[in-house]
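Chemist:
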Amino acid sequence: MFTRRKNVKKQPLVEFESEERKQGKTVKAAESRTKRSASKANDSKPHTSKKAKKSSNSNVPSHLLHKKFTVNAGHYDITPKDFPKNALAIVEKLQRAGFEAYVVGGCIRDLLLGHKPKDFDVATNAKPEEIQKIFGRQCRLIGRRFRLAHIVFGRDIYEVATFRADHSNHSSDKISKVSEEGMLLRDNVYGTLREDAQRRDFTVNSLYYDPKHNLIFDFFDGIADLKAGKLRLIGDPVVCYQEDPVRMLRAVRFMAKLDMFLDKPTDAPIRELAHLLKNIPAARLFDESLKLLQSGQGFKTYQLMRQYGLFEQLFPVLVPFFTERNDSNAERMLSKALNSTDDRIRDNLRVNPAFLFAALLWYPLREKMEVLKNEGGLNSHDAMMLAANDVLAESCKAIALHRRHTSVIRDIWALQFQMTKRSGKRPQQTLEHVKFRAGFDLLVMRAEIEGGDLVELSAWWHEYQFSNDAQRAEMLKAVRNLPNFAGEEKKKRRRKTFRKKKPAKKATAE
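Residue numbers for the sequence shown, in UniProt numbering: 1 to 510.
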């Protein structure tokens, strides 16, 4: 599970610690100098309070103050060269301004596992306003619930967060606020490095890298958990999930992505607390759904979400289609769409979220269409338009699909019906549609699931799009007598009846 990077001779962590003790003379000397200077100051000054004594520790460098929690990053072949220059520049600039600053979180975890990190976040004791003052126009402050700074380098954005402390220590609603269910509505209580580590979710994410001394701060045995392949929450799991229910989604995402398992206390409360996700803003859940389903392990993540009762909270419109054997058409579509997405990500191909959602929601749309056609006597086009409105509106209550995605979803759905019309100029118009390829891919998936007329229809369109003009003309001749819609007979046109015009009345002279 825990893989070292190549060309590095493996050494037990215990041996490394003994080596550190061999080199500890300089550290002890620095500590003794710090103590002597502190004792001299105490002799010359009157009795100080505990609060003042605590503040004196802030003058001690963190790599000395938290020495027993530090690990030499070089032991795992991690050096400043593994980090982007811009991330290191942010840390260095904050440190030059007199603040603590470290690269933090998932990037350290991924480097330890031998993976290539995507994001490099920074944690500091500088407050958001102080960060903005240091970086000027490069800095944008965002967030109300959790105040953050974004440092912009061209197209790259780096997230810089201020150390957090326990929110229960502050009574002001403007700084910290908790809902009746225990969810943190606002969390801007600032603290120290150690307090910030305790406020993180999982031990494997509570790792801080100091590029100046090439050290990793590991306060909660995150490296040991990585070696064991274990995901463990910091603190009481029930309280952690209540404070931020999205942590349940993060748990299953890391399980699938990193091939890890949850320890029993972290695992136990999830099924009971899954309903708390309904309290999360739909816009945030949409972002989380993309991370879950487009991680390259989307199908495995989906299976875990079903296991823990989390998928139903994000996609309630699919619940009526779930079966014990997972063999309904909707469930088979879920499997095909997610496995296809995983394959594209592995092949470094572009992934369109709109196509994924169009596939996931196709069978709820079809069922709604049939109800409208049977009860309202609507034609396929009108029924599809109304059904699309209902299904998308219901889905947006849970996950706020962006308008740019819903418009594409509607196009992909509409193409399913346009592709059944193969006469005159319609096939060429359909082929020229900007979303034809996505619509065709969904048609192929439907044919693989349902069979029947859809198999012939998908094969016809596959051949048509790669044929020349003469071949297409022959194909159009061959389908003139086929049904207008797969499984639906071609409707006869009614002849127009023309009424005879009454002769105009002659004008009478007065």
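Cβ coordinates follow ideal geometry from the N, Cα and C atoms, glycine included.
Does ASP43 pass the burial test, meaning 16 or more other C-beta atoms within 10 Å, or should it be called exposed?
Modeler: Within the sequence shown, the letter at position 43 stands for residue 43. Because ASP43 sits at a pLDDT of 47, beneath the cut-off of 50, its placement in the model cannot be relied upon, and the following sentence gives the value as read from the coordinates. ASP43 is exposed by the Cβ-count criterion.
Chemist: Relative to the C-alpha of ASP196, which residue among ILE234, LEU356 and MET248 is closest?
Modeler: Counting from one through the sequence shown, the residue named residue 196 turns up at place 196. That would be ILE234, whose Cα lies nearest to the Cα of ASP196.
Chemist: I'd like the span of the alpha helix (DSSP H) that includes ASP287, first residue to last.
Modeler: Here the question's residue 287 lines up with position 287 in the sequence shown. Where ASP287 is concerned, the enclosing alpha helix (DSSP H) stretches over 282-293.
Chemist: Can you give the beta carbon distance from LEU431 to LEU443, rounded, assuming they're within the 8 Å contact cut?
Modeler: Start at 1 with the first residue of the sequence shown, and residue 431 comes out as number 431. Start at 1 with the first residue of the sequence shown, and residue 443 comes out as number 443. The Cβ separation is near 13 Å, so there is no contact.
Chemist: What is the rounded straight-line gap between the Cα of ARG344 and the Cα of ARG422?
Modeler: What you label residue 344 is simply residue 344 of the sequence shown in a count that begins at 1. What you label residue 422 is simply residue 422 of the sequence shown in a count that begins at 1. So the two alpha carbons sit approximately 30 Å from each other.
Chemist: How should PRO46 be labelled, buried or exposed, when 16 other C-beta atoms within 10 angstroms of its C-beta is the threshold for buried?
Modeler: As a position in the sequence shown, residue 46 is number 46, starting the count at 1. Because PRO46 carries a pLDDT of 40, less than 50, the predicted location of this residue cannot be relied on, and the following value inherits that uncertainty. It counts as exposed.
Chemist: Take ARG145 as the anchor and find which of VAL351, ILE280 and PHE440 has the nearest alpha-carbon.
Modeler: Here the question's residue 145 lines up with position 145 in the sequence shown. Out of VAL351, ILE280 and PHE440, ILE280 has the C-alpha closest to the C-alpha of ARG145.
Chemist: Report yes if the CB atom of ALA473 is closer than 7 Å to the CB atom of HIS405, and no otherwise.
Modeler: As a first step, residue 473 is located in the sequence shown; it is residue number 473 there, counting from the start. As a first step, residue 405 is located in the sequence shown; it is residue number 405 there, counting from the start. No, the Cβ-Cβ distance between ALA473 and HIS405 is not below 7 Å.
Chemist: Compare the beta carbon distance of MET305 and PHE311 with 7 Å and say whether it is the shorter of the two.
Modeler: For the purposes of this step, residue 305 is taken as the residue at position 305 of the sequence shown. For the purposes of this step, residue 311 is taken as the residue at position 311 of the sequence shown. Closer than 7 Å, so yes.
Chemist: Can you name the residues that DSSP bridges to ASP156?
Modeler: Mapped onto the sequence shown, residue 156 falls at position 156. DSSP, once it has assigned bridges, lists PHE153 as partnering ASP156.
Chemist: State the start and end residues of the unbroken alpha helix (DSSP H) segment that holds TYR241.
Modeler: Within the sequence shown, residue 241 is the residue found at index 241, counting from 1. 237-243 is the extent of the alpha helix (DSSP H) around TYR241.
Chemist: I believe ARG232 touches THR266 by the beta-carbon criterion, under 8 Å. Please report the beta-carbon distance rounded to the nearest angstrom.
Modeler: Reading the sequence shown from its first residue, position 232 is the one you call residue 232. Reading the sequence shown from its first residue, position 266 is the one you call residue 266. Right, their Cβ atoms sit about 6 Å apart.
Chemist: Mind checking whether ASN125 and GLU100 have CB atoms under 7 Å apart?
Modeler: Position 125 of the sequence shown, counting from 1, holds the residue named residue 125. Position 100 of the sequence shown, counting from 1, holds the residue named residue 100. Closer than 7 Å, so yes.
Chemist: Distance, Cα to Cα, GLY376 vs ILE412?
Modeler: On the sequence shown, position 376 is the one that residue 376 refers to. On the sequence shown, position 412 is the one that residue 412 refers to. Rounded to whole angstroms, GLY376 to ILE412 spans 24 Å at the Cα level.
Chemist: Taking the alpha-carbon of PRO269 as reference, which of ASP287, ASP259, LYS257 and GLN242 has the nearest alpha-carbon?
Modeler: What you label residue 269 is simply residue 269 of the sequence shown in a count that begins at 1. Closest option to PRO269, Cα to Cα, is GLN242.
Chemist: Tell me the DSSP secondary structure of ASN329 in three-state form.
Modeler: As a working mapping, residue 329 is identified with position 329 in the sequence shown. Residue state, collapsed to three classes: helix.
Chemist: According to DSSP, is ALA126 part of a helix, a strand, or is it coil?
Modeler: Residue numbering aside, residue 126 sits at position 126 when the sequence shown is read from its first letter. Correct three-state label for ALA126: coil.
Chemist: Exposed or buried, PHE466, counting other C-beta atoms within 10 Å across all chains shown (16 or more means buried)?
Modeler: Walking along the sequence shown from the start, residue 466 turns up at place 466. Exposed, because fewer than 16 other Cβ atoms sit within 10 Å of the Cβ of PHE466.
Chemist: Taking Cβ to Cβ, would you say ILE151 is nearer than 7 Å to GLN138?
Modeler: Position 151 of the sequence shown holds residue 151. Position 138 of the sequence shown holds residue 138. Yes, the pair counts as a contact, with Cβ atoms nearer than the cut-off.
Chemist: Could you have a look at LYS425 and say whether DSSP puts it in helix, strand or coil?
Modeler: Mapped onto the sequence shown, residue 425 falls at position 425. Here LYS425 sits in coil by DSSP.
Chemist: Can you find the residues in the same chain that come closer than 8 Å, C-beta to C-beta, to CYS240, ignoring five residues on each side of it along the sequence?
Modeler: Working through the sequence shown from its first residue, we reach residue 240 at position 240. Result list for CYS240: ASP201, LEU233, ILE234 and ARG247, in chain order.
Chemist: Which value, in whole angstroms, describes the spacing of the CA atoms of HIS66 and ILE108?
Modeler: Sequence index remark: in the sequence shown, residue 66 carries index 66 (1-based). Sequence index remark: in the sequence shown, residue 108 carries index 108 (1-based). Each residue's Cα considered, the two are about 18 Å apart.
Chemist: Quick check: what's the CA-CA separation for ASN205 versus LEU111?
Modeler: Along the sequence shown, read from residue 1 onward, the residue named residue 205 stands at position 205. Along the sequence shown, read from residue 1 onward, the residue named residue 111 stands at position 111. Whole-angstrom Cα-Cα distance: 12 Å.
Chemist: Buried or exposed for ASP342, please, with buried defined as at least 16 other CB atoms from any protein chain shown within 10 angstroms of its CB.
Modeler: As a first step, residue 342 must be located in the sequence shown, where it is residue number 342. So ASP342 ends up on the buried side.
Chemist: From LYS278 to ASN72, what distance separates their C-alpha atoms?
Modeler: For the purposes of this step, residue 278 is identified with residue 278 of the sequence shown, where counting begins at 1. For the purposes of this step, residue 72 is identified with residue 72 of the sequence shown, where counting begins at 1. Answer to the nearest angstrom: the Cα atoms are 43 Å apart.
Chemist: Report the rounded CA-to-CA distance for ASP210 versus PHE220, giving the unit in angstroms.
Modeler: Here residue 210 refers to the residue found at position 210 of the sequence shown. Here residue 220 refers to the residue found at position 220 of the sequence shown. Cα-Cα distance, rounded: 17 Å.
Chemist: Just checking, does the segment 349-366 make contact with the segment 282-297 on the three C-beta pairs under 8 Å criterion?
Modeler: Segments in contact, yes.
Chemist: Between which residues of its own chain and ASP82 is the CB-CB distance below 7 Å, once the five residues before and five after are set aside?
Modeler: Counted from its first residue, the sequence shown places residue 82 at position 82. Only LEU111 meet the Cβ criterion.
Chemist: Suppose you measure from the CA of ILE131 to the CA of TYR208; what does that come to, to the nearest Å?
Modeler: Taking the first residue of the sequence shown as position 1, residue 131 is located at position 131. Taking the first residue of the sequence shown as position 1, residue 208 is located at position 208. Approximately 19 Å, taken between the alpha carbons.
Chemist: Could you give the first and the last residue of the continuous beta strand (DSSP E) run that contains PHE217?
Modeler: The residue given as residue 217 occupies position 217 in the sequence shown. Note, PHE217: beta strand (DSSP E), 215-218.
Chemist: Taking Cβ to Cβ, would you say PHE135 is nearer than 7 Å to ALA87?
Modeler: Reading the sequence shown from its first residue, position 135 is the one you call residue 135. Reading the sequence shown from its first residue, position 87 is the one you call residue 87. Not closer than 7 Å, so no.
Chemist: Is ARG155 buried or exposed, if buried means 16 or more other CB atoms sit within 10 Å of its CB?
Modeler: Within the sequence shown, the letter at position 155 stands for residue 155. Exposed: under 16 other Cβ atoms inside 10 Å.
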